[in-house]
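Novice: Below: one structure in structure tokens.
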Amino acid sequence: MTKNTKSSKQGMDQRDDVLGRARVTDNDELLAFYKELEAHSANAFWRRANEIEPWEPETRYTPTIWRYDDMRPLVLKSSQLVSPEEAGRRVVVLVNDSDAGRQHSAAVGWLFSGLQVMKPGEITPAHRHTASAQRFIMEGGGAYTVVDGHPIELGQYDYVLTPRNCWHDHGVFENGLVSIWQDGLDIPLMNALETNFYEVYPEKVQKPSFPVNDLPLVYGNPGLLASSGQTWDKPYSPMMIYRWKATRDALFNLAKSQAGSPIDGQAVRFSNPLVGGWAMQTMGAQMQMLAPGQHGKAHRHTGNVMYNCAGGEGYSVIGGKRFDWQEHDIFCVPSWVWHEHVNLSNEEEAFLFSFNDFPVMEALGVFMEEALEVQGGNQTIAE
Ligand SMILES: [Fe+2]
Ligand SMILES: [Fe+2]
76 MTKNTKSSKQ
86 GMDQRDDVLG
96 RARVTDNDEL
106 LAFYKELEAH
116 SANAFWRRAN
126 EIEPWEPETR
136 YTPTIWRYDD
146 MRPLVLKSSQ
156 LVSPEEAGRR
166 VVVLVNDSDA
176 GRQHSAAVGW
186 LFSGLQVMKP
196 GEITPAHRHT
206 ASAQRFIMEG
216 GGAYTVVDGH
226 PIELGQYDYV
236 LTPRNCWHDH
246 GVFENGLVSI
256 WQDGLDIPLM
266 NALETNFYEV
276 YPEKVQKPSF
286 PVNDLPLVYG
296 NPGLLASSGQ
306 TWDKPYSPMM
316 IYRWKATRDA
326 LFNLAKSQAG
336 SPIDGQAVRF
346 SNPLVGGWAM
356 QTMGAQMQML
366 APGQHGKAHR
376 HTGNVMYNCA
386 GGEGYSVIGG
396 KRFDWQEHDI
406 FCVPSWVWHE
416 HVNLSNEEEA
426 FLFSFNDFPV
436 MEALGVFMEE
446 ALEVQGGNQT
456 IAE
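No gaps in the numbering here: position 11 of the sequence shown is 86 in my numbering, and each next residue is one more.
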């Protein structure tokens with residue numbers, strides 16, 4: 076789908092042979108000049124201008140899928156091999172299948188993701204970092220987190236925040252079940268910006284200083300704001316957790332009243348109830364529901380997305396390649412790569428949770444989106 080005008084013969088993009096692009100032919104005098112510049116920690120811009128300013132975004136990341144059938148045994152194995160006390164955070168990192176992914180411990184773009192497992196009675200020691208974090212609970216029971224002293228119970232398919240610099244620790248009660256969730260952080264972005272700090276809490280865990288679930292109880296009532304006692308002045312959502320039941324109900328309510336997007340079906344974003352917008356400053360998340368048999372149209376946009384199937388089965392075509400998914404499978408869509416989603420069931424809805432770096436793209440004014448206008452809006456699938 077992407078225009079490919081690069082000629083391997085000449086090693087240059089034919090579109091670069093135009094006034095306004097770098098097209099200098101080197102000669103001995105220039106080569107000597109480049110050496111002279113290098114000796115002074117300098118370079119001639121035209122040598123790399125076309126490479127570092129491509130005509131359109133050129134992702135260094137590869138569409139990658141992590142199937143739960145493969146990942147779950149490995150995640151459980153990690154819980155036999157190391158303790159959370161030794162590991163700090165016992166997480167199996169989802170590494171994008173690319174040099175950039177391996178170099179930056181990135182799942183896609185400047186996003187980190189991993190699968191964290193907690194056994195009954197275990198805790199992850201309290202700490203905080205500049206990187207923001209979010210978790211999508213995949214399985215288990217009796218898990219909890221404490222964020223800046225606010226204890227929160229975690230249920231399957233709940234979406235929970237740990238915004239930047241908030242103290243947090245997690246655990247599973249003794250009578251709970253082995254619990255697994257997907258972590259999503261902006262560690263690679265904070266490192267790219269060279270602004271990542273990390274601190275451990277003076278004690279092993281925080282002493283809860285608020286009633287259990289107080290934040291979602293106060294701030295999580297749709298359209299209803301408490302008349303008193305609101306003191307929230309932080310730049311992220313005070314709800315802290317978004318319950319699966321409310322999210323699912325919202326999607327079915329939407330479906331009763333509107334057709335939904337031809338690209339994403341019915342979709343809701345997790346939002347800050349006080350000011351709207353995304354729940355955190357650097358990462359956003361949404362849940363979408365594909366109707367039975369829905370074959371979404373293709374589009375592409377700047378910004379990177381990690382998906383996690385929260386029920387149903389289907390496939391996505393990403394950059395012309397088909398990736399089949401079912402419940403708990405995780406996959407990514409890198410920036411400016413065409414993608415479309417298909418629900419393979421004619422009876423059941425399919426749900427895709429996703430998190431992204433759209434808040435960064437929007438804040439910087441560089442979010443761009445394009446719908447595929449040819450072939451009825453669907454990509455050709457490569458064999
Ligand atoms: Fe953390
Ligand atoms: Fe998209």
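Where a beta carbon is used, it is the ideal one built from N, C-alpha and C, also for glycine. All figures in this text were calculated on a predicted structure; none of them were measured in a lab.
(1) Name the residue from Glu415, Gly378 and Thr377 whose alpha carbon lies nearest to the alpha carbon of Gly389.
(2) Under a criterion of Cβ closer than 7 Å to any non-hydrogen atom of ligand 2, which residues qualify, in chain order?
(3) Please name the residue or residues paired with Ile262 in a DSSP beta bridge.
(4) Express the C-alpha separation of Asp324 and Arg318 in angstroms, rounding to a whole number.
(5) Touching or not, the segment 247-254 and the segment 270-279, by the rule of three or more beta carbon pairs under 8 Å?
(6) Tyr137: which of Leu112, Met443, Pro409 and Pro195 sits nearest, CA to CA?
(7) Classify Ser284 as buried or exposed, calling it buried when 16 or more other Cβ atoms lie within 10 Å of its own Cβ.
(8) Is it true that the CB of Phe345 sits closer than 8 Å to the CB of Ala334?
(9) Ala218: beta carbon under 7 Å from a heavy atom of ligand 1?
(10) Since Asp145 is in the alpha helix (DSSP H), which residue starts that stretch and which ends it?
(11) Could you give the distance in angstroms between the alpha-carbon of Gly95 and the alpha-carbon of Met87?
(12) By DSSP, does Thr306 sit in helix, in strand, or in coil?
(13) Would you be able to state if there are at least three C-beta pairs under 8 Å between the segment 168-181 and the segment 112-122?
(14) Compare the C-alpha of Gln341 against each of Gly359, Gly371 and Cys241 and name the closest.
(15) Less than 8 Å between C-beta atoms, sequence neighbours within five positions excluded: which residues of the same chain meet that for Pro200?
(16) Kindly indicate the opening and closing residues of the beta strand (DSSP E) around Trp353.
(17) Taking 7 Å as the cut-off, is the CB of Ala182 close to at least one heavy atom of ligand 1?
(18) Evaluate Thr270 with the Cβ neighbour count: other Cβ atoms within 10 Å of its Cβ, from every protein chain shown; 16 or more gives buried, anything less gives exposed.
(19) Report yes if the C-beta distance between Val235 and Met358 is below 8 Å; otherwise report no.
(20) Count the other CB atoms within 10 Å of the CB of Val157; is the residue buried (16 or more) or exposed (fewer)?
(21) Could you give the distance in angstroms between the alpha-carbon of Ile262 and the alpha-carbon of Met362?
(22) Straight-line CA distance for Gly224 to Arg203?
(23) Within its chain, find whatever has a CB closer than 6 Å to the CB of Lys194; leave out the 5 residues flanking it on each side and keep chain order.
(24) Heavy atom of ligand 1 less than 7 Å from the Cβ of Ala471, yes or no?
(25) Based on the DSSP secondary-structure assignment, which residues constitute the bridge partners of Gln401?
(26) Is it buried or exposed, Val441, if we count other Cβ atoms within 10 angstroms and call 16 or more buried?
(27) Tell me whether the segment 387-405 and the segment 298-308 touch, counting them as touching only if at least three CB pairs, one residue from each stretch, are closer than 8 Å.
(28) Using the DSSP secondary-structure output, state which residues sit across from Gly189 in a beta bridge.
(29) Assuming Ile405 contacts Trp185 (C-beta within less than 8 Å), just tell me the rounded distance between them.
(30) Check Val93 in the structure and name its three-state DSSP category.
(31) Let me know if Glu197 comes out buried or exposed under the rule of 16 or more other beta-carbons within 10 Å of its beta-carbon.
(32) Going by Cα to Cα distance, which pick from Gln231, Gln369, Glu444 and Thr139 is closest to Arg375?
Specialist: Taking the coordinates as given:
(1) Residue numbering aside, residue 389 sits at position 314 when the sequence shown is read from its first letter. Considering only alpha carbons, the answer is Glu415.
(2) Ile338, Asp339, His374, His376, Val380, Val408 and His414
(3) In the sequence shown, residue 262 corresponds to position 187, counting from 1. DSSP output for Ile262 lists no bridge partner at all.
(4) Here residue 318 is taken as the residue at index 243 of the sequence shown, counted from 1. Here residue 324 is taken as the residue at index 249 of the sequence shown, counted from 1. Spanning the two alpha carbons is a distance of roughly 10 Å.
(5) no
(6) Start at 1 with the first residue of the sequence shown, and residue 137 comes out as number 62. At residue 137 the sequence reads Thr, which differs from the Tyr that was named. Comparing Cα-Cα distances from Thr137 to each of Leu112, Met443, Pro409 and Pro195, the minimum goes to Pro409.
(7) By one-based count along the sequence shown, residue 284 stands at place 209. Classification for Ser284: exposed.
(8) As a first step, residue 334 is located in the sequence shown; it is residue number 259 there, counting from the start. As a first step, residue 345 is located in the sequence shown; it is residue number 270 there, counting from the start. Not in contact: Ala334 and Phe345 (Cβ atoms no closer than 8 Å).
(9) Start at 1 with the first residue of the sequence shown, and residue 218 comes out as number 143. The answer is no for Ala218.
(10) What you label residue 145 is simply residue 70 of the sequence shown in a count that begins at 1. Unbroken alpha helix (DSSP H) run through Asp145: Tyr143 to Leu156.
(11) Within the sequence shown, the letter at position 20 stands for residue 95. Within the sequence shown, the letter at position 12 stands for residue 87. Their Cα atoms are separated by approximately 15 Å.
(12) Taking the sequence shown and counting its residues from 1, the one referred to as residue 306 is at position 231. Three-state DSSP puts Thr306 in coil, outside helix and strand.
(13) With the cut-off at 8 Å, the segment 112-122 and the segment 168-181 do not touch.
(14) Indexing the sequence shown from 1 puts residue 341 at position 266. The shortest Cα separation from Gln341 among Gly359, Gly371 and Cys241 belongs to Gly371.
(15) If you number the sequence shown from 1, residue 200 lands on position 125. The residues are Pro159, Glu160, Gly163, Asp244, Val275, Tyr276, Lys279 and Val280.
(16) Translated into the one-based positions of the sequence shown, residue 353 becomes position 278. Gly351 to Trp353 is the extent of the beta strand (DSSP E) around Trp353.
(17) Here residue 182 refers to the residue found at position 107 when the sequence shown is read from its first residue. Ala182 Cβ: outside cutoff for every heavy atom of ligand 1.
(18) What you label residue 270 is simply residue 195 of the sequence shown in a count that begins at 1. The residue in question, Thr270, is exposed, as its Cβ has fewer than 16 Cβ neighbours within 10 Å.
(19) Within the sequence shown, residue 235 is the residue found at index 160, counting from 1. Within the sequence shown, residue 358 is the residue found at index 283, counting from 1. It is not a contact, given that the beta carbons lie outside the stated cut-off.
(20) Counting from 1 along the sequence shown, the entry for residue 157 is found at position 82. Exposed: under 16 other Cβ atoms inside 10 Å.
(21) The residue labelled residue 262 in the question sits at position 187 within the sequence shown. The residue labelled residue 362 in the question sits at position 287 within the sequence shown. Those two C-alpha atoms are separated by around 23 Å.
(22) Looking up residue 224 in the sequence shown gives position 149. Looking up residue 203 in the sequence shown gives position 128. Approximately 12 Å, taken between the alpha carbons.
(23) Taking the first residue of the sequence shown as position 1, residue 194 is located at position 119. Within the same chain, and ignoring the five residues on either side of Lys194 in sequence, the residues whose Cβ sits closer than 6 Å to its Cβ are Ser154 and Val253.
(24) Given that the chain is displayed from residue 76 to residue 458, the structure contains no residue 471 and the question cannot be resolved.
(25) Along the sequence shown, read from residue 1 onward, the residue named residue 401 stands at position 326. The partner list for Gln401 (beta bridge, DSSP) reads Glu388.
(26) Looking up residue 441 in the sequence shown gives position 366. With fewer than 16 other Cβ atoms within 10 Å, it is exposed.
(27) no
(28) Position 114 of the sequence shown, counted from the start, is the residue given in the question as residue 189. DSSP lists Val168 and Asp258 as partners of Gly189.
(29) Within the sequence shown, residue 405 is the residue found at index 330, counting from 1. Within the sequence shown, residue 185 is the residue found at index 110, counting from 1. Not quite, the Cβ-Cβ distance comes to about 17 Å (not below 8 Å), so this is no contact.
(30) Walking along the sequence shown from the start, residue 93 turns up at place 18. Here Val93 sits in coil by DSSP.
(31) Within the sequence shown, numbered from 1, the residue matching residue 197 stands at position 122. Its Cβ being crowded by 16 or more others within 10 Å, Glu197 is buried.
(32) By one-based count along the sequence shown, residue 375 stands at place 300. The residue with the shortest Cα to Cα distance from Arg375 is Glu444.
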